[in-house]
Amino acid sequence: MKNINQHKYAIAITFIWIGFVGAISFMEAWIKFQAPGITTELGLGIGQLVFNALNKVEIICAILVGVSLLLSKYIKTKTFISVFFLIPLLILSIQTLWLLPALDHRADLIIKGIDVPKSKLHLWYVLLEIVKIINLFIYGNKLFTMRKNQSNDF
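Be aware that the sequence shown starts at 63, since it is given in this note's numbering, and climbs by one per residue.
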């Protein structure tokens, strides 16, 4: 396999990552509560499962993008350490280590029928998702443009 092919994988995985985040965070999360018979407790339980699965998929995407770029000759262009890749990695770390566990804890309390005070955790999560998607899009475009300029066989 030629080195240049590794770069194609990084581009594809970056846009697949965007698709997962967009579909789950901005579609599934809101729509599930509109289904007939879905209670808040049931919706929260489904949300916990889906968002923990999404988090694992995102971690795999981040690793695959990193590995594919490390194996690519384009690492010399400093694309790998671009701020547009580092910001989503930082956000993913914040979500994995703090936000998702905190949201899971709140959901568990609500599912058990315990009243919890209002929180801005969901707002923070949504804002970070928006920033993550914007940066991944810019990064994917940057990779695509570089790939297009370097090779016409894409």
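Ideal Cβ placement from N, Cα and C applies to all residues, glycine included.
Whole-angstrom C-beta distance between residue j and residue i, which should lie under 8 Å
i, j, result
"Pro150", "Lys194", "5 Å"
"Leu161", "Trp186", "6 Å"
"Phe82", "Val119", "6 Å"
"Ile121", "Leu154", "7 Å"
"Leu133", "Gln157", "So it is not a contact: roughly 27 Å between Cβ atoms."
Top-ranked residue by Cα proximity to residue i, from the options
i, options, result
"Leu198", "Thr102, Leu152 and His184", "Leu152"
"Ser144", "Ile200, Pro98 and Ala91", "Ile200"
"Val188", "Ala91, Val178 and Lys204", "Ala91"
"Phe88", "Val112, Leu205, Met208 and Leu131", "Val112"
"Ile80", "Asn117, Asp177 and Leu165", "Asn117"
"His184", "Lys174, Ala72 and Leu165", "Leu165"
"Ile78", "Thr207, Gly202 and Met208", "Gly202"
"Leu126", "Ile192, Ile73 and Ile196", "Ile73"
"Phe206", "Gly84, Leu131, Ala85 and Ile173", "Leu131"
"Asp177", "Gly84, Pro163 and Glu103", "Glu103"
"Ile100", "Ile173, Val129, Tyr71 and Gly128", "Ile173"
Residue burial classification, residue i (beta-carbon count within 10 angstroms, cutoff 16)
i, result
"His167", "exposed"
"Ala124", "buried"
"Ala115", "exposed"
"Ile31", "Since the displayed the chain opens at 63 and closes at 216, residue 31 lies outside it and no answer follows."
"Ala97", "exposed"
"Gly175", "exposed"
"Ser181", "exposed"
"His69", "buried"
"Phe216", "Caution applies to Phe216, whose pLDDT of 38 falls short of 50 and renders its modelled position unreliable; the value that the coordinates give is listed next. So Phe216 ends up on the exposed side."
"Met63", "Since pLDDT at Met63 reaches only 41, below the 50 mark, its modelled position is unreliable, and the value read off the structure follows with that caveat. Under this definition Met63 is an exposed residue."
Neighbour flag for residue i against chain D, beta carbons, 7 Å
i, result
"Leu148", "Annotation note: the requested chain D is absent from the structure, which comprises a single protein chain."
Ignoring anything shorter than 4 residues or poking outside the segment 98-140, list the alpha helix (DSSP H) runs there in chain order. 102-132
With three or more C-beta pairs closer than 8 Å as the rule, is the segment 168-181 touching the segment 103-111? yes
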